[in-house]
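> Going by UniProt numbering, the first residue of the sequence shown is number 1, and it counts up by one from there. We put the CB at the ideal spot given by N, CA and C, even for glycine.
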Amino acid sequence: MAQVVVISLDCSENPVTGSPSRANQPAAEALPQLVWGHGEPWREANVWLLSRKNSGLDAETVRKDAQLVGAYAQWVEEVKVPWHHFPLRKNERVLNRYRQHLLQLRATGKLAASTVTHRMRAVITLYRWLVEEQLISTKWPLWEDRTYGVRISTDFGLQRSINVTTSSLAIKNKRRPGYGLEGGVLPVSAKQRTQILEAARSHAPYELFLMLACGFFTGMRVGSICDLRVGTLTNAARDSRLNGFVYLTIGPGATPQVHTKFDVTGQVIMPATLFDEILGYVESPTRIRRVDRAARSDRDRVFLTTAGRSYAAKSPGHGATVSVLMSRLRREAAKTSIDLGGFHFHQTRATFATEVAETALRSNQRLNAISIVKDLLLHAHEATSLRYIRFVEDEKVKAKIGNDFSLAFLNEAIEKPCE
């Protein structure tokens, strides 16, 4: 199956060959590359990634581009169709077929609407560049471009129009009917949470159990959890007004810095019992051995793989990432009749957020509840926090409607028994 590998820009090999990087290369010099399942590099796409890097885009953007196009490469291999297959019939062309595949995944809820939009956009950007560089040629256009005007306002209140070009293959970010929580996932119940944590403790590495616990009881995203530093724990503050909890400061403004989405700096709350357990892990022989194998820049990370690398997928030469460990956990749990097939790590954050929202709403002050959710989840926008508030409120209404309906149905059944 096609995959994304990381090479170093200063390796002696040609950067489009897909050769592996030398050990302990700095992350700033890393370049993601696409390799087909049979071992051959996708040279055209790799040259595109290199051009993106050379154009001044930051490493994180190039990495995301590689992941998005990598998903397309995996699909191409699964359906056994060449990536440059563009016959006369549109519905047989590789890009048109991939678009229908993404729409189906969105309709069934397997992918969030935003993910579908980003994947299609990245692939179109790649092919547009291939056409411009004359690395691919067909007898007919790959798609139809459409240009329309968009009116925007400047900082001084002046109106101006700009022309935007879009492709006929583009997919709009159209949300599915229902709740639009972060990542398109739904929370799990308290019973399911306990079951998941017990399965992780029994069938997964201890590090994954601790990371899942962090997600469930702090609401941190997996990227922040993977980037937690020992210094973050050392600088944690205990709240005398709120016994049993500590505050961790994360974000670019924290000391040390911890990755957060949209570079939001703030404090997350953590139960003291979990905090103490993580402190014990930090000083354990298991982690100390991993620190000895780690690069200097990674030694302060709380969670390290057996090879001494970060669990974050963006790290050069990464080993067992969180997604890999989650896949293994699902397989091992299934052997003991525990179904975790539909569970994703991001649901830990959704579970924490809904519990915070439900607790905050007990004050009967909706605006205060939104502020609490926004602060504890480090949301960049209040609109995201409001979705959790509405989710909790709507669930209560649905539960009441369901109970009233069941009661009315039972009363009618009692009054008119079947003869």
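Answer with yes or no whether the minimum CB distance from residue 70 to chain C is below 9 Å.
This model lacks chain C altogether, as it is built from one protein chain only.
> Which partner residues of residue 237 appear in the DSSP bridge assignment?
BP columns for residue 237 point to 247.
> Grab the span of the beta strand (DSSP E) containing residue 119 for me, first residue to last.
Unbroken run through residue 119 is the alpha helix (DSSP H), 113–132; no beta strand (DSSP E).
> Ordered along the chain, which non-local residues of its own chain (more than five positions away) have a Cβ less than 8 Å from that of residue 148?
Excluding residues within five positions, the ones whose Cβ falls inside 8 Å are 163, 164, 166.
> Specify, as a first and last residue, the run of the beta strand (DSSP E) that residue 35 falls within.
Taken as a continuous stretch (DSSP letters only), the beta strand (DSSP E) holding residue 35 covers 30–35.
> If I measure Cβ to Cβ from residue 230 and keep anything under 7 Å in the same chain, skipping five residues before and after, which residues do I get?
So the qualifying residues of the chain are 282, 300, 302.
> Using a Cβ-Cβ cut-off of 8 Å (strictly less than) and excluding sequence neighbours within five positions of residue 58, which residues of its own chain qualify?
So no residue of the chain qualifies.
> Tell me the DSSP bridge mates of residue 270?
Its beta-bridge partners are 246.
> Could you tell me which of 135, 278, 105, 286 sits nearest to residue 43, measuring between CA atoms?
Taking only the C-alpha atoms, the option nearest residue 43 is 135.
> Based on Cα-Cα distance, which residue from 304, 129, 208 lies nearest to residue 323?
Out of 304, 129, 208, 208 has the C-alpha closest to the C-alpha of residue 323.
> I'd like to know whether the C-beta atoms of residue 76 and residue 2 end up nearer to each other than 9 Å.
In contact: residue 76 and residue 2 (Cβ atoms closer than 9 Å).
> Quick one: using the 10 Å Cβ neighbour count with 16 as the cut-off for buried, is residue 4 buried or exposed?
Under this definition residue 4 is a buried residue.
> When DSSP labels each residue in this structure, what does residue 311 get in the three-state scheme?
If DSSP states are grouped into helix, strand and coil, residue 311 belongs with coil.
> For residue 55 and residue 47, what's the separation of their Cα atoms in angstroms?
Looking at the two C-alpha atoms, the distance is approximately 12 Å.
> Do the stretch 201–217 and the stretch 232–241 touch if we need at least three Cβ pairs shorter than 8 Å?
Too few Cβ pairs lie closer than 8 Å, so no.
> Select from 253, 141, 119 the residue whose C-alpha is nearest the C-alpha of residue 98.
Nearest of 253, 141, 119 to residue 98, Cα basis: 119.
> Are residue 294 and residue 280 closer than 9 Å when you measure CB to CB?
No, the pair does not count as a contact, with Cβ atoms beyond the cut-off.
> Straight-line CA distance for residue 248 to residue 255?
Going from the Cα of residue 248 to the Cα of residue 255 covers about 10 Å.
> On the criterion of 16 or more Cβ atoms from any shown chain inside 10 Å, does residue 227 qualify as buried, or is it exposed?
The residue in question, residue 227, is buried, as its Cβ has 16 or more Cβ neighbours within 10 Å.
> Rounded to whole angstroms, what is the Cα-Cα separation between residue 73 and residue 100?
Distance between the alpha carbons of residue 73 and residue 100 is about 15 Å.
> Spell out a yes or no on whether the stretch 358–366 and the stretch 189–206 are touching, meaning 3 or more CB-CB pairs, one atom from each, closer than 8 Å.
Segments in contact, no.
> Below 6 Å CB to CB, which residues in the same chain sit around residue 343 once its five sequence neighbours on both sides are set aside?
Excluding positions up to five away in sequence, the list is empty.
> Could you tell me the distance, in whole angstroms, from the CA atom of residue 38 to the CA atom of residue 65?
Roughly 22 Å separates the two Cα atoms.
> Need the endpoints of the beta strand (DSSP E) that residue 188 sits in, please.
Neither: residue 188 is in no beta strand (DSSP E) and is coded neither H nor E.
> Please tell me whether residue 310 and residue 292 are closer than 9 Å, where the distance is taken between their beta carbons.
Their beta carbons are not under 9 Å apart, which means residue 310 does not touch residue 292 by this criterion.
> If you reduce the DSSP assignment to three classes, tell me which class residue 304 lands in.
The answer is strand: DSSP assigns residue 304 an E or B state.
> Are the stretch 346–363 and the stretch 377–393 touching, with three or more C-beta to C-beta distances below 8 Å?
The stretch 346–363 vs the stretch 377–393: in contact.
> Write down the C-beta distance between residue 274 and residue 352 rounded to the nearest angstrom, noting that I regard them as a contact closer than 8 Å.
12 Å between Cβ atoms; not a contact.
> Cutting at 7 Å between CB atoms, please list the residues of its own chain near residue 258, excluding the five before and the five after it.
Closer than 7 Å at the Cβ level, and outside the excluded window around residue 258, lie 224, 227, 228, 229, 232, 250, 251.
> Using the Cα positions of residue 269 and residue 253, report the straight-line distance between them to the nearest angstrom.
So the two alpha carbons sit approximately 17 Å from each other.
> Have a look at residue 173 and residue 287 and give me their C-alpha separation to the nearest angstrom.
Spanning the two alpha carbons is a distance of roughly 42 Å.
> Let me know if residue 262 comes out buried or exposed under the rule of 16 or more other beta-carbons within 10 Å of its beta-carbon.
The residue is exposed, with fewer than 16 neighbouring Cβ atoms inside 10 Å.
> Going by DSSP, which residues form a beta bridge with residue 148?
According to DSSP, residue 148 bridges with 164.
> Starting from residue 210, trace the alpha helix (DSSP H) both ways and give me its first and last residue.
That run of the alpha helix (DSSP H) goes 206–218.
> Terminal residues of the continuous alpha helix (DSSP H) containing residue 1?
Note, residue 1: premise wrong, no alpha helix (DSSP H); not H, not E.
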